[in-house]
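In this note's numbering, the protein residues as written are 1 to 231.
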């Protein structure tokens, strides 16, 4: 009888363990397991703010489809942190229409009025000084997520030269080279509260520069926050 009971318990265990729900849960756990020496970025995302769909996006090339679920974790070497927090910001528009440049690294990622900076029209850039050369593994930034917008000519570069005479481009969705930084192949995307996360692959540099050239709602440029993860 004991053998029969043990066999029944074993069968019950296997039934539960191999059920579709259990298998899916195990796959999910395995999918988020960090590789050796790596850890998920400690991201703190703002609450979603916009309702509705973006306007005036007909004809936007290479527009990325919404993921439809939370972004999966991004793994980087252990010890990586946001190096941009509180760091000095400069840019092509030193007197923004709304806000101050220092707000872009103040840690406030909310979509509320008073949390974003509005720069002038057409191609503009902002630049973060990390104060020393760092190994950069990821860059995360929010233009404006109070509305569903698509920003154009988004280019992100890393350099040890404050004038960017020599730089490494880690993202470029300027498909017609209107910003004159080279033709990009990356996707356009709709702004969300998750921001845009870019894999920087350990590129070394002191300065990180962010370009944009207006959006589907206007020619103006906006930034809420930028984060640079490295060590």
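Positions of the beta carbon are idealized from the N, C-alpha and C atoms, including for glycine.
Sub-9 Å separation of residue i and residue j beta-carbons
i           : j           : result
residue 127 : residue 208 : yes
residue 83  : residue 90  : no
residue 60  : residue 188 : yes
residue 140 : residue 196 : yes
residue 76  : residue 137 : yes
residue 44  : residue 109 : yes
residue 185 : residue 173 : yes
Cross-strand partners of residue i (DSSP beta bridge)
i           : result
residue 158 : 168 and 208
residue 38  : 77
residue 223 : 117
residue 198 : 139
residue 129 : 207
Nearest to residue i (by Cα), restricted to the options the options
i           : options               : result
residue 63  : 153, 100, 97 and 79   : 153
residue 233 : 230, 229, 225 and 231 : With the chain represented from 1 up to 231, any question about residue 233 goes unanswered, as that position is not in the structure.
residue 233 : 42, 93, 58 and 198    : Nothing can be reported for residue 233, as the shown portion of the chain is limited to 1 through 231.
residue 49  : 155, 147, 105 and 96  : 147
residue 202 : 117, 65 and 231       : 231
residue 219 : 106, 186 and 97       : 97
residue 162 : 67, 210, 227 and 32   : 210
Contact set for residue i: own chain, Cβ-Cβ below 6 Å, skip 5 residues either direction
i           : result
residue 151 : 143, 212 and 215
residue 159 : 167, 205 and 207
residue 232 : Absent from the structure is residue 232, since the part of the chain shown begins at 1 and ends at 231.
Nonlocal neighbours in the same chain, by C-beta distance under 7 Å from residue i, ignoring five residues either side
i          : result
residue 93 : 119, 120 and 124
Spatial neighbours of residue i in its chain, beta-carbon cut-off 8 Å, leaving aside the 5 residues before and after
i           : result
residue 13  : For residue 13, the predicted structure reports a pLDDT of 33, less than 50, and the residue's modelled location is therefore unreliable. A value from the coordinates is still provided. Taken in chain order, the list of residues that qualify is empty.
residue 145 : 46, 48, 49, 50, 111, 191, 192, 193, 195 and 224
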